[in-house]
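K.L.:
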Amino acid sequence: TPEDSYYNLSRWLYKVTETNPGLLTYQQVDAAGKFKYAFVAFGPSITGFSLMRKVIAVDVVDAENGASRKWFFRGLSQMIPDASDLLVSRFGAAMVLNVYQVNQNEFEVKDETMKYVVDLEKRHSTCNVFDIDKIPCIHAIAAAKYIKRDENRYVDTSHLTETWAKAYAENTHPGGELSTSTYPANIDELSCPPTATKKRSGRPPTKRKISVGEFGVPGSKSQSHKCSRCGIGGHNKVTCKRPIG
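So the sequence shown is numbered by the working numbering: it starts at 1009 and just counts up by one.
(1) Quick check on DSSP: helix, strand or coil for residue 1129?
(2) Pick helix, strand or coil for residue 1176, following the three-state DSSP scheme.
(3) Which residue from 1214, 1178, 1130 and 1174 puts its Cα closest to that of residue 1060?
(4) Where does the unbroken alpha helix (DSSP H) through residue 1153 begin, and where does it stop?
(5) Could you spell out where the alpha helix (DSSP H) holding residue 1014 opens and where it closes?
(6) Which residue wins for smallest C-alpha separation from residue 1172, given the options 1040, 1123 and 1055?
(7) Using only CA atoms, which one of 1119, 1033 and 1137 lies nearest to residue 1257?
(8) Compare the beta carbon distance of residue 1116 and residue 1107 with 9 Å and say whether it is the shorter of the two.
(9) Just list the beta strand (DSSP E) runs in the region 1038 to 1066, keeping only unbroken ones of 3 residues or longer that don't cross its boundaries, in chain order.
(10) Going by Cα to Cα distance, which pick from 1191, 1128, 1214 and 1204 is closest to residue 1153?
(11) Quick check: the region 1139 to 1155 against the region 1036 to 1053, are at least 3 beta-carbon pairs closer than 8 Å?
(12) I need the DSSP call for residue 1142, collapsed to helix, strand or coil.
(13) So is residue 1177 buried or exposed if we call it buried at 16+ other beta carbons inside 10 Å?
(14) Do residue 1018 and residue 1143 count as a contact pair if the criterion is CB distance below 9 Å?
(15) Just the Cα atoms here: how many angstroms apart are residue 1049 and residue 1029?
(16) Look up residue 1168 in the DSSP assignment and say whether it is helix, strand or coil.
(17) Given residue 1186, which residues of its chain have a CB within under 7 Å of its CB, disregarding the five upstream and five downstream residues?
(18) Residue range of the beta strand (DSSP E) that residue 1108 falls in?
(19) Looking at the unbroken beta strand (DSSP E) that takes in residue 1118, where does it start and where does it end?
(20) Kindly indicate which three-state DSSP category residue 1123 falls into: helix, strand or coil?
(21) With burial defined as no fewer than 16 other Cβ atoms inside 10 Å of the residue's Cβ, what is the status of residue 1092: buried or exposed?
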């Protein structure tokens, strides 16, 4: 049951911490002692993330999104410090740009309408593509080619195959069967009932909501589709049940 899952959460956290060195876990209850938040970060994920670009997508479902996000990022800050095809597709556009060298690393690069400043040492271009992608933009490629440097030397290490291999080198291990495992004497003190939830108002739905793209959805292409068997819209010949004759 859902209640059993909350009861066993502290047991599961204990077991995966035991089988996965480097695991970070945090659990918080509300004023009534009921479950509120849980944070889990596996050691391999922590190690792998340190080798990658620091881009995080967060999806938090909570009645108090601001509070839950702050709590999540406090936990995240304990494991992640702040940090500051691809080239080939940019060659053609880079080769037609005009380059004017300012000094050893700084250049002005012009296209038909705009001027951009590139600093190869700082890996920066005023177009900001170099700064965001961590891969030379067309202006940086043009500058590098102008002084006969290999543009690949300015690709961030996070894009290298060697870095990706290191990022996924470690393993995450299962905790095993909870019912047959041994735990500390105080494990029950860490268990908590599920959080209180509000019952939704109104009657519960009795019909499945049709997804966009299914036959007959208003505004979709399928609405104008006609069955090749009977000539009527809203279905195809595989699902057609109309008698023919």
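The C-beta atom is built at its ideal place from N, Cα and C for all residues, glycine as well. Note that the structure is a prediction, hence the values are computed from the model and not measured.
P.N.:
Reading it off the structure:
(1) In the sequence shown, the residue the question calls residue 1129 occupies position 121. Residue 1129 falls in the coil class under three-state DSSP.
(2) Looking up residue 1176 in the sequence shown gives position 168. The answer is coil: DSSP assigns residue 1176 none of H, G, I, E or B.
(3) As a first step, residue 1060 is located in the sequence shown; it is residue number 52 there, counting from the start. Ranking the options by Cα distance to residue 1060, first place goes to 1174.
(4) Here the question's residue 1153 lines up with position 145 in the sequence shown. Residue 1153 -> alpha helix (DSSP H) spans 1146 to 1154.
(5) Taking the first residue of the sequence shown as 1, we reach residue 1014 at position 6. That run of the alpha helix (DSSP H) goes 1010 to 1027.
(6) For the purposes of this step, residue 1172 is taken as the residue at position 164 of the sequence shown. Ranking the options by Cα distance to residue 1172, first place goes to 1055.
(7) The requested residue 1257 does not occur in the structure, where the chain is confined to residues 1009 to 1253.
(8) Taking the sequence shown and counting its residues from 1, the one referred to as residue 1116 is at position 108. Taking the sequence shown and counting its residues from 1, the one referred to as residue 1107 is at position 99. Yes.
(9) 1043 to 1049
(10) Looking up residue 1153 in the sequence shown gives position 145. Closest by alpha carbon: 1128.
(11) no
(12) For the purposes of this step, residue 1142 is taken as residue 134 along the sequence shown, with counting starting at 1. Residue 1142 falls in the coil class under three-state DSSP.
(13) Reading the sequence shown from its first residue, position 169 is the one you call residue 1177. Per the 10 Å Cβ criterion, exposed.
(14) Locating residue 1143 in the sequence shown gives position 135, where the first residue counts as 1. Locating residue 1018 in the sequence shown gives position 10, where the first residue counts as 1. No, Cβ-Cβ distance for residue 1143 and residue 1018 is not below 9 Å.
(15) Reading the sequence shown from its first residue, position 41 is the one you call residue 1049. Reading the sequence shown from its first residue, position 21 is the one you call residue 1029. The straight-line gap from Cα to Cα measures roughly 11 Å.
(16) The residue labelled residue 1168 in the question sits at position 160 within the sequence shown. In the structure shown, residue 1168 sits in coil (DSSP, three-state: anything other than H, G, I, E or B).
(17) Within the sequence shown, the letter at position 178 stands for residue 1186. Once the five neighbours on either side are set aside, the close Cβ partners of residue 1186 are 1016, 1019, 1020 and 1023.
(18) Translated into the one-based positions of the sequence shown, residue 1108 becomes position 100. Start and end: 1106 to 1109.
(19) As a first step, residue 1118 is located in the sequence shown; it is residue number 110 there, counting from the start. First-last of the beta strand (DSSP E) with residue 1118: 1114 to 1118.
(20) Taking the first residue of the sequence shown as 1, we reach residue 1123 at position 115. Residue state, collapsed to three classes: strand.
(21) If you number the sequence shown from 1, residue 1092 lands on position 84. Confidence is the limiting factor: at residue 1092 the pLDDT is only 39, short of 50, which leaves the residue's position unreliable, though a coordinate-based value still follows. Residue 1092 is exposed by the Cβ-count criterion.
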